[in-house]
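In this text, residue positions in the first sequence follow the numbering used here: the first is 769, and each later residue adds one.
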Amino acid sequence: MHYYPLSPTILLMTEKYLSTDSYKGVRDFYPEDMAIQRYIFSTWAKTAERYGFERYDASILEPSALYKAKGAENEEMVNEQTYTFIDRGDREVTLRPEMTPSVARMVAGQRHELSFPLRWYSIPNLFRYERPQRGRLREHCQLNCDIFGASHYTADVELISLAYQTLIDFGAKPDMFEIRVNSRKLMQEQISDKLISPDLLPDYLRLVDKKAKISNDEFIKEEKKLIKDGASVAIVINDKVSQVLQGLISLGIQNAKFDSTITRGFNYYTDTVFEVFDVSGENNRAMLGGGRYDNLTEMFGGEAISGIGFGMGDVTMRDFLETHKLIPEYIRSTAPHVIVIPMTEEENMPAELIAQHIRKAGITVSTDIGIRKVGKKIGDASTRGARFIIVIGENEVSSKQLTIKNLLSGEEHTGELGSLMNYLDVK
RNA sequence: GCGGCUAUAGUAUAACGGUUAAUGCAUCGGUUUGUGGUACCGAUAAUUCGGGUUCGAUUCCCGGUAGCCGCCCCA
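Next comes the structure, spelled out in structure tokens:
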């Protein structure tokens, strides 16, 4: 007998059916991808919690005003690079493109209830309406960690140390990545009006941000257009950044350095900014970035609460892990520990009963109630990475004597189910 | 949003302005009617969509869509 995944009649008519592709720029997570995704999320969560961070979440829907409030420049961003729509109640709604405004909103809303400093983390999915490329999709997830109500530089040190530890906990070695630290405040102090007129400063910072991507000659050429005659810009490290770097070194973190080209694209950062880069050269996009924002809660009224945070994306994270071969093989296996194999459909229910019994012991188990031959079922269980099989036929049903087989060792044990449970408990 | 490149079974590749569009892996069946990974045999399955040139287009041209790369932007 032949079985087709789809009947031939249906295949001939495929063009009449919907596409099986996912929406542009978003991903489907088939079980193996999902396993990797869960591994990344659980490692993130474990590290953040080890630093005493508490998990929170919010809806993906936010009023558009939340993102527009930060200035006209951002309004353009909201209009062109977000999923924004009008709901049935005539409210303008945006799918959150980042988490920081949401968490600032939550913190500001409960500021009199919360005891500071707060350490909060979340793993939100975020949306942006942009042309997809490697490392940049329309939906991605981020580990977001923030400390609120601690303006001392120790908070900067701790947060960057958490970012560092997150990578270490995936098995990364310090020489695989580099932490680059700068300060917005330092830039403002050192680039005075005498060098660059205030209206050209944003252009200058953008140029600085691009420095690594363009040639030195090109940089100098562009720089000359912006700075005033006879002036030269020389950015040097200040005390605050030195303290942060010293703090990191005293915690054993050696791969952080001052880099005046780190500016971050967003204008709510006020002081320390930092990014983490893969040094392999395969992924030239920052894999993590963050900074201090001292005034973000001001837009909700009341006194400002200082915050510092970072976000790291799952897409760049996975690219990094794959580049450095840091995803353990066992993570990819999604097979249950035990598979119960009925010989024929007659034994389907007996197999299900046995599976149910084993489940009660907390062991993962499934049944192969397909119509393939036993040999194929066993082969499949083995390829998928299951550890044990139990074949159920007429004999087993009538005698109540079962045989479990360890697929790794080939070892078999026969007896009543109750007496076999110990054997199944092997990791 | 702008520019360049690409699009063939589930997947990875091959080929051609004209006979049946080839191969590996995967899937399903068999050799083996109750015990796996190997081997052998067989089967299922594709030219992204729309238009044009042509006797004939999967191939050439135009457009849509999607992917990749660069720019813009980067939350």
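Positions of the beta carbon are idealized from the N, C-alpha and C atoms, including for glycine.
Query raised in the report: So Asn-1035 is in the alpha helix (DSSP H); what residue range does that whole segment cover?
Result: Taken as a continuous stretch (DSSP letters only), Asn-1035 belongs to no alpha helix (DSSP H), as it is neither H nor E.
Report task. Tell me the start and end of each unbroken beta strand (DSSP E) in the region 860-931 that is at least 3 residues and wholly inside, in chain order. Result -> Qualifying beta strand (DSSP E) stretches, in chain order: 860-863, 886-890, 893-895 and 907-916.
Requested in this report: Measure the Cβ-Cβ separation of Val-1009 and Leu-969 and say whether it is below 8 Å.
Outcome: For the pair Val-1009 and Leu-969, the CB atoms are not nearer than the 8 Å cut-off.
Query raised in the report: So Arg-952 is in the alpha helix (DSSP H); what residue range does that whole segment cover?
Result: Counting along the chain, the unbroken alpha helix (DSSP H) around Arg-952 starts and ends at 952-958.
Query raised in the report: CA-CA distance, Lys-941 and Ile-995?
Result: Using only the alpha carbons, I get a separation of about 41 Å.
Query raised in the report: Is Asp-985 helix, strand or coil when you go by DSSP?
Result: Helix, per DSSP.
Query raised in the report: What is the residue span of the alpha helix (DSSP H) that Lys-1145 lies within?
Result: 1142-1152 is the span of the alpha helix (DSSP H), which, as asked, contains Lys-1145.
Query raised in the report: Under the rule that 16 or more other beta-carbon atoms within 10 Å means buried, what is Thr-1182, buried or exposed?
Result: With fewer than 16 other Cβ atoms within 10 Å, it is exposed.
Query - Cα-Cα separation, Glu-1180 to Asp-1193 - result: Straight-line Cα distance between these residues: approximately 14 Å.
Query raised in the report: Would the beta-carbon of Arg-887 fall within 8 Å of that of Glu-946?
Result: A distance of 8 Å or more separates the beta carbons of Arg-887 and Glu-946.
Requested in this report: Look at the Cβ atom of Asp-858, then the Cβ atom of Val-949, and state whether they are nearer than 8 Å.
Outcome: Cβ atoms of Asp-858 and Val-949: not closer than 8 Å.
Query raised in the report: Pick from Ala-833, Gly-1057, Cys-909 and Lys-1141: whose alpha carbon is nearest that of Thr-1112?
Result: Checked all of Ala-833, Gly-1057, Cys-909 and Lys-1141; the closest Cα to Thr-1112 is Lys-1141.
Query - 8 Å Cβ shell around Thr-1171 - same chain, five flanking residues per side excluded - result: When the five nearest sequence neighbours on each side are left out, the beta carbons in the same chain lying within less than 8 Å of the beta carbon of Thr-1171 are those of Ile-1158, Val-1159, Glu-1164, Glu-1180, His-1181 and Thr-1182, in order along the chain.
**Report entry** 6 Å CB neighbourhood of Tyr-824 in its chain, flanking five on each side removed
**Finding:** Within the same chain, Trp-888 and Ser-890 come within 6 Å of Tyr-824 by CB-CB distance, once the 5 residues on both sides are set aside.
Report task. Using 10 angstroms around the beta-carbon of Met-802, count the other beta-carbons present and answer buried if the total reaches 16, otherwise exposed. Result -> Under this definition Met-802 is an exposed residue.
Report task. Label Arg-952 either buried or exposed according to how many other C-beta atoms from any shown protein chain fall within 10 Å of its C-beta, with 16 as the threshold for buried. Result -> The residue in question, Arg-952, is buried, as its Cβ has 16 or more Cβ neighbours within 10 Å.
Query raised in the report: In chain order, what residues of the same chain lie with their CB nearer than 7 Å to the CB of Phe-1156, ignoring the 5 residues before and after it?
Result: Excluding residues within five positions, the ones whose Cβ falls inside 7 Å are His-1105, Val-1106, Ile-1172, Lys-1173, Asn-1174, Leu-1175 and Leu-1192.
Query raised in the report: Quick one: Cα of Ser-1000 to Cα of Glu-986, how far?
Result: Ser-1000 and Glu-986 have their C-alpha atoms roughly 16 Å apart.
Query raised in the report: Of the residues Gly-1069, Gly-1075 and Ile-936, which one's Cα is nearest the Cα of Gly-877?
Result: Minimum Cα distance to Gly-877 is reached at Gly-1069.
Requested in this report: Report yes if the CB atom of Phe-895 is closer than 8 Å to the CB atom of Leu-863, and no otherwise.
Outcome: Contact flag set, yes.
**Report entry** Ranges of the alpha helix (DSSP H) found wholly within the region 1108-1193, counting only runs of at least 4
**Finding:** Taking only runs of at least 4 residues, the alpha helix (DSSP H) segments lying wholly in the region 1108-1193 are 1116-1127, 1142-1152, 1162-1167 and 1185-1192.
Report task. Check each candidate in Arg-904, His-920 and Thr-1084 and name the one with the smallest Cα separation from Lys-792. Result -> Residue Arg-904 is the option with its Cα nearest to Lys-792.
Requested in this report: Pull up the distance between the alpha-carbon of Ser-870 and that of Glu-830, whole angstroms please.
Outcome: So the two alpha carbons sit approximately 8 Å from each other.
Query raised in the report: How is the beta strand (DSSP E) around Tyr-851 delimited, first residue to last?
Result: Membership of Tyr-851 in any beta strand (DSSP E) is not indicated, and neither H nor E is assigned to it by DSSP.
Query raised in the report: On the three-state DSSP scale, how would you describe Ile-1073?
Result: Ile-1073: coil per DSSP, three-state reduction.
Query - Among Glu-926, Tyr-921, Gly-939 and Thr-850, nearest to Glu-907 - alpha-carbon criterion - result: The option with the nearest alpha carbon to Glu-907 is Thr-850.
Query raised in the report: For the alpha helix (DSSP H) that Gly-1015 lies in, which residues bound it at each end?
Result: For Gly-1015, the enclosing alpha helix (DSSP H) covers residues 1007-1018.
Query - Cβ-Cβ distance between Phe-1078 and Gly-1058 below 8 Å - result: At a Cβ-Cβ threshold of 8 Å, Phe-1078 and Gly-1058 count as neighbours.
Query raised in the report: Is Pro-799 helix, strand or coil when you go by DSSP?
Result: The answer is helix: DSSP assigns Pro-799 an H, G or I state.
Query raised in the report: Asp-1039 and Arg-1053 look like a contact to me (Cβ under 8 Å); what is the Cβ gap, rounded to whole Å?
Result: Actually they do not touch by this definition, with Cβ atoms about 24 Å apart.
Query - Option in Ser-787, Gln-956, Leu-927 and Ser-790 with minimal Cα separation from Ile-1005 - result: Distances from the alpha-carbon of Ile-1005 to those of Ser-787, Gln-956, Leu-927 and Ser-790 put Gln-956 closest.
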